[in-house]
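Colleague: Could you have a look at this structure, given as structure tokens, before my questions?
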Amino acid sequence: MKRTNTCGELRKSDLGKEVCLQGWVRFSRDHGGVAFIDLADRYGITQIVFDPADLPSETDASRISDVMKKFTRESAVSVNGVVRERVEGTADARNPTGEIEVLISDAEILGRSKIPPFEVGDQKEGVLPNEDVRMKYRYLDLRRTEMIEAITIRSRFMHLARQYLESKDFLEVETPILARSTPEGARDFIVPSRVHSGTFYALPQSPQLFKQMLMVGSIDRYYQFARCFRDEDSRKDRQPEFTQLDMEMSFIEEKDIQDVIEGLISFVWDGLYGKKLEVPFPRIGYTEAMERFGSDKPDMRYGLEFVKLTDVVKDVPYEIFQRIMKSGGIVAGINVSAELSGGKIGRNDIDRYINYAKKVGLGGLTWMKIQDGVPTSNITKYFTPEILEGIKNEMKAEEGDILFLVAGPWKSTYEGGGALRKKIAEDLDLVPKDVFQFFWLVDCPMFEVDPVSGKYDAFHHPFVKPLGDIDGKACGGACFDICLNGNELGSGSLRINDPEIQKAVFRKLGKSDEDIEEEFGFFVEALSYGAPPHGGIAIGVDRFITIILGKETIRDVIAFPKNKKAVSLLDNSPAKVPEDKLEELQIMTLSIDDLDFETVEESEEE
RNA sequence: GGGGUUGUAGCUCAGUUGGUUAGAGCGCCGGCCUGUCACGCCGGAAGUCGCGAGUUCGAGUCUCGUCAGCCCCGCCA
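Under the working numbering, the first residue of the first sequence is numbered 366, with each subsequent residue one higher.
Printed below as a string of structure tokens:
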């Protein structure tokens with residue numbers, strides 16, 4: 366190999382060395398005589414200098430000068446030269462290689478670059494182009510320091526995790542990408558079979574069933590960096606394809622899974638940052654999390670906790686609250702203290718929050734401000750002085766504090782309230798940076814009942830081991846989530862290993878015995894051949910990396926992500942395929958774009 | 001599917017109450033410059049104001065529609 370060093374490597378200790386550096390021309394500065402190039406690769410930047418007054422004797426100066434004229438920005442080039450100390454007073458303390466430079470004696474262009482569509486180099490005032498431009502030229506975007514860092518940390522994370530899990534006897538096993546479509550959960554991506562026309566594979570939403578069958582297959586400690594596919598609308602933390610660190614273990618209890626994850630994350634943390642994490646992570650029950658923070662993945666780095674007010678206001682003449690409580694709803698409040706808000710919340714802000722509350726599914730938002738010691742607002746006339754006093758005491762409200770009251774059905778009200786809490790915290794800048802708070806959300810229910818249809822839904826998924834009688838009123842599930850800073854990082858559970866219980870859960874979810882046999886027969890069958898007690902967890906790799914790097918979106922930690930509409934602007938996928946490929950698969954498309962509009966319009970006119 | 005927001009030079013943006021020839025910085029091209037580091041200085045080229053209608057004597061600006069990006073809701077067992 367010609368290249369002797371990377372662009373981030375050379376130091377004063379290398380003075381006098383003959384080196385060959387290869388990389389990209391980031392900036393160049395031509396002073397008419399002496400000229401500089403910042404040569405960059407993913408390791409760093411080294412200054413190359415062309416110095417006619419100080420050239421080695423055998424050097425052909427005009428030839429080098431000619432070659433360097435072709436060194437357009439972002440071209441890949443090769444440079445030979447000698448490492449030397451920079452002229453006194455010109456060292457660059459911001460750059461680890463800033464004390465040295467390479468005096469060029471030979472140069473070659475390896476791959477000339479067209480004029481880049483945007484700035485690749487780090488700028489004093491970062492002017493990032495729009496994301497769609499970055500996506501179209503992702504290969505250039507990846508050269509940026511920030512992207513290099515994200516990709517590097519991601520790789521380190523995966524390496525450290527593998528190192529840890531292998532040391533604990535876990536085996537990495539690949540599971541199929543072409544698999545059976547399952548009826549539960551998200552929409553599947555479908556892949557047509559050529560051999561069996563009219564039938565389809567689905568891309569896995571997760572390797573759930575396969576990893577459980579690995580347990581039946583005696584692979585008692587499994588892990589995999591698994592690609593998962595879900596055909597649902599994207600968000601900044603959701604992509605149609607994403608990566609999970611998927612794990613499963615046999616002969617274990619819930620705590621064993623949590624111990625492994627705590628060990629794993631501590632190991633990774635130490636490897637990445639050289640810092641110890643405090644373990645075990647705290648636990649909070651589902652109900653408590655909902656009632657204090659209005660979320661099953663609460664951000665507990667700041668306060669603004671909910672206070673239950675149902676008892677305090679149970680005799681309130683305020684009709685809206687009465688109606689809600691009579692139908693089993695709750696009333697809860699959040700105190701935005703004058704201390705936190707700095708008195709910055711005015712009537713306009715309150716109206717904004719009322720609007721926001723409606724947007725996130727709350728029926729409305731009641732507010733009061735403590736003025737002259739009394740909760741005051743346009744609706745306090747419907748409250749008795751005793752009840753107002755009760756609210757004030759319960760919420761520990763003081764002069765100038767603003768109280769927001771939410772009311773409605775337990776779940777949707779706390780969830781909406783949680784969204785409001787988050788919004789207020791962000792507006793008031795209450796969310797601390799550089800604090801990483803892991804915790805376990807525990808004591809989850811097994812089922813949720815749809816308030817409209819009355820239909821049972823699995824709280825996590827149908828393979829979770831129920832705790833107790835599944836027909837009981839509040840049947841729990843042996844499932845739990847790991848959360849970090851208001852995000853769900855992953856969820857785990859003990860699984861059902863008894864085929865009869867598995868069938869009973871499916872029935873509870875409304876499946877007939879025929880459906881169960883058709884959709885999950887192979888799986889129930891597998892459970893009936895000595896399935897060990899087992900359980901596992903999956904960690905969202907993209908989200909984890911996003912959070913620890915303080916990024917806004919998982920797109921920034923994925924090398925080639927798709928946009929909001931699931932389009933890859935780099936390769937323009939999805940795309941049409943030639944007609945003969947469809948014929949081979951015996952597929953016809955009914956896409957509106959494929960219709961002949963002239964014909965359609967004519968038929969409409971008739 | 002719904003709501004919000006953005007769209008002006010290759011990139012990031014400004015553009016007043018509707019009014020002459022649409023501007024700036026960066027980049028690009030040409031010239032000058034022997035110690036810069038986002039080098040500097042001088043000069044230059046570069047625009048379907050997302051697209052389509054409408055109002056108007058006149059539209060980047062107002063109205064309607066439409067397309068695209070992003071954020072949120074729905075959706076994501």
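Virtual Cβ for every residue (Gly too), placed ideally from N, Cα, C.
#1: Please report how far the alpha carbon of Met1022 lies from the alpha carbon of Lys788, in whole angstroms.
#2: Using only the alpha-carbon positions, how far apart do Ala472 and Arg394 sit?
#3: Quick check on DSSP: helix, strand or coil for Ala924?
#4: Is Ala472 close to the ligand NAD? I mean its beta-carbon at under 6 Å from any heavy atom of the ligand.
#5: Check whether the region 891–906 touches the region 607–617, counting contact only when three or more Cβ pairs, one atom from each stretch, lie closer than 8 Å.
#6: Quick check: the region 817–824 against the region 566–584, are at least 3 beta-carbon pairs closer than 8 Å?
#7: Quick one: grab the DSSP three-state call for Leu375.
#8: The beta strand (DSSP E) with Glu813 in it runs from where to where?
#9: If we call anything under 7 Å between Cβ atoms a contact, is Val678 one with Glu759?
#10: Whose CA, out of Thr437, Gly650, Pro461 and Ser532, lies closest to the CA of Phe804?
#11: Measure how close the beta-carbons of Ile465 and Asp379 come, nearest whole angstrom, since I'm counting them as under 8 Å.
#12: Would you mind reading off the limits of the alpha helix (DSSP H) that contains Ser858?
#13: Suppose the cutoff is 6 Å on Cβ atoms and the five residues either side in sequence are ignored; what does the same chain contact list for Glu963 look like?
#14: Identify, in the order they occur along the chain, each residue of the same chain with its Cβ nearer than 8 Å to the Cβ of Pro682, setting aside the five sequence neighbours on each side.
#15: On the criterion of 16 or more Cβ atoms from any shown chain inside 10 Å, does Pro797 qualify as buried, or is it exposed?
#16: Just tell me which of Glu780, Glu949 and Arg503 has its CA closest to the CA of Val771.
#17: My output table needs one value for Pro831: the three-state DSSP class, helix, strand or coil.
#18: Which complete beta strand (DSSP E) runs does the region 645–696 hold, if anything under 3 residues is left out?
#19: Would you list the one or two residues that DSSP bridges to Leu629?
#20: Helix, strand or coil for Pro605? Go by DSSP, reduced to three states.
#21: Determine the direct distance from the alpha carbon of Leu536 to that of Ile584, and round the result to whole angstroms.
#22: Flag this pair as touching only if the region 492–500 and the region 453–462 have three or more C-beta atom pairs under 8 Å; answer yes or no.
#23: Starting from Ile752, follow its DSSP beta bridges and name the residues at the other end.
#24: Contact defined as beta carbons within less than 8 Å: I believe Asp766 pairs with Val701. What is the distance between those atoms, to the nearest angstrom?
#25: Let me know the secondary structure DSSP gives Lys787 once reduced to three states.
#26: Roughly how many whole angstroms lie between the Cα atoms of Ala869 and Val485?
#27: What residues in its chain sit with their C-beta under 8 Å from that of Pro831, if we drop five residues either side in the sequence?
#28: Give a yes or no on contact between the region 442–450 and the region 381–388, applying the rule of three or more CB pairs nearer than 8 Å.
#29: Output the distance between the C-alpha atoms of Glu967 and Ser956, rounded to the nearest integer angstrom.
#30: Just to check my reading of the structure: Gly639 and Tyr529 have Cβ atoms closer than 8 Å, yes? What is that Cβ distance to the nearest angstrom?
#31: Hey, Ser633 and Leu525 are a contact pair by Cβ (cut 8 Å); roughly how many whole angstroms apart?
#32: Please name the residue, chosen from Lys873, Arg527, Ser858 and Met953, that lies closest to Lys838 on a Cα-to-Cα basis.
#33: Asp611 and Gln589 - do their beta-carbons sit closer together than 7 Å?
#34: Asp945 to Ser558, Cα distance in whole Å?
#35: Determine the burial state of Gly659: buried for a count of at least 16 other Cβ atoms within 10 Å of its Cβ, exposed for fewer.
#36: My output table needs one value for Arg438: the three-state DSSP class, helix, strand or coil.
Modeller: The answer reads as follows:
#1: Look at the range of the chain in this structure, 366 to 971, and you will see that residue 1022 is not part of it.
#2: Counted from its first residue, the first sequence places residue 472 at position 107. Counted from its first residue, the first sequence places residue 394 at position 29. When rounded, the distance between both Cα atoms is 16 Å.
#3: On the first sequence, residue 924 is found 559 positions in, with the first residue counted as 1. Ala924 falls in the coil class under three-state DSSP.
#4: Looking for the ligand NAD in the displayed structure turns up nothing, as the structure carries no ligands at all.
#5: yes
#6: no
#7: Within the first sequence, residue 375 is the residue found at index 10, counting from 1. In the structure shown, Leu375 sits in coil (DSSP, three-state: anything other than H, G, I, E or B).
#8: Along the first sequence, one-based indexing puts residue 813 at 448. Phe812 to Val814 is the extent of the beta strand (DSSP E) around Glu813.
#9: Taking the first residue of the first sequence as position 1, residue 678 is located at position 313. Taking the first residue of the first sequence as position 1, residue 759 is located at position 394. Result no, Cβ atoms of Val678 and Glu759 do not sit closer than 7 Å.
#10: Here residue 804 refers to the residue found at position 439 of the first sequence. Taking only the C-alpha atoms, the option nearest Phe804 is Gly650.
#11: Working through the first sequence from its first residue, we reach residue 465 at position 100. Working through the first sequence from its first residue, we reach residue 379 at position 14. The Cβ separation is near 7 Å, so the contact holds.
#12: Against the first sequence, residue 858 aligns to sequence position 493. Segment Asn852 to Leu859 is the beta strand (DSSP E) holding Ser858; no alpha helix (DSSP H) there.
#13: As a position in the first sequence, residue 963 is number 598, starting the count at 1. Confidence at Glu963 is low in this model, with a pLDDT of 47, below 50, so the placement of that residue should be treated as unreliable; the coordinate-derived value is given next. If we look at Glu963 and ignore the five residues flanking it on each side, it has no Cβ neighbours.
#14: For the purposes of this step, residue 682 is taken as the residue at position 317 of the first sequence. Closer than 8 Å at the Cβ level, and outside the excluded window around Pro682, lie Tyr747, Phe748 and Thr749.
#15: In the first sequence, residue 797 corresponds to position 432, counting from 1. Classification for Pro797: exposed.
#16: Counting from one through the first sequence, the residue named residue 771 turns up at place 406. The residue with the shortest Cα to Cα distance from Val771 is Glu780.
#17: Looking up residue 831 in the first sequence gives position 466. Correct three-state label for Pro831: strand.
#18: 648–650 and 671–673
#19: In the first sequence, residue 629 corresponds to position 264, counting from 1. Its beta-bridge partners do not exist; DSSP assigns none.
#20: By 1-based counting over the first sequence, the position of residue 605 is 240. Coil, per DSSP.
#21: Counting from one through the first sequence, the residue named residue 584 turns up at place 219. Counting from one through the first sequence, the residue named residue 536 turns up at place 171. If you take the alpha carbons of Ile584 and Leu536, they lie about 8 Å apart.
#22: no
#23: Position 387 of the first sequence holds residue 752. Answer is none; Ile752 lacks a bridge partner.
#24: Counting from 1 along the first sequence, the entry for residue 766 is found at position 401. Counting from 1 along the first sequence, the entry for residue 701 is found at position 336. 7 Å between Cβ atoms; contact.
#25: Numbered from 1 along the first sequence, position 422 holds the residue referred to as residue 787. Three-state result, Lys787: helix.
#26: The residue you call residue 869 lines up with position 504 of the first sequence. The residue you call residue 485 lines up with position 120 of the first sequence. Cα to Cα, the separation comes out at about 58 Å.
#27: Taking the first sequence and counting its residues from 1, one reaches residue 831 at position 466. Excluding positions up to five away in sequence, the list reads Met811, Cys840, Gly841, Gly842, Ala843, Ile861, Ile866 and Val870.
#28: yes
#29: Locating residue 967 in the first sequence gives position 602, counting from the first residue. Locating residue 956 in the first sequence gives position 591, counting from the first residue. Per-residue confidence for Glu967 stands at a pLDDT of 45, beneath the threshold of 50, marking its modelled position as unreliable; the derived number appears in the next sentence. Spanning the two alpha carbons is a distance of roughly 19 Å.
#30: Sequence index remark: in the first sequence, residue 639 carries index 274 (1-based). Sequence index remark: in the first sequence, residue 529 carries index 164 (1-based). Not quite, the Cβ-Cβ distance comes to about 16 Å (not below 8 Å), so this is no contact.
#31: Indexing the first sequence from 1 puts residue 633 at position 268. Indexing the first sequence from 1 puts residue 525 at position 160. The sequence shown places Val at residue 633, rather than the Ser named in the question. Their Cβ separation, rounded to whole angstroms, is 5 Å, which keeps Val633 and Leu525 in contact under 8 Å.
#32: Sequence index remark: in the first sequence, residue 838 carries index 473 (1-based). With distances taken between Cα atoms, Lys838 lies closest to Lys873.
#33: Taking the first residue of the first sequence as position 1, residue 589 is located at position 224. Taking the first residue of the first sequence as position 1, residue 611 is located at position 246. Against a cut-off of 7 Å, the Cβ pair of Asp611 and Gln589 comes out as a contact.
#34: By one-based count along the first sequence, residue 945 stands at place 580. By one-based count along the first sequence, residue 558 stands at place 193. Spanning the two alpha carbons is a distance of roughly 15 Å.
#35: As a first step, residue 659 must be located in the first sequence, where it is residue number 294. By the neighbour-count rule (16 or more Cβ atoms within 10 Å), Gly659 is buried.
#36: The count along the first sequence starts at 1 and reaches residue 438 at position 73. Correct three-state label for Arg438: coil.
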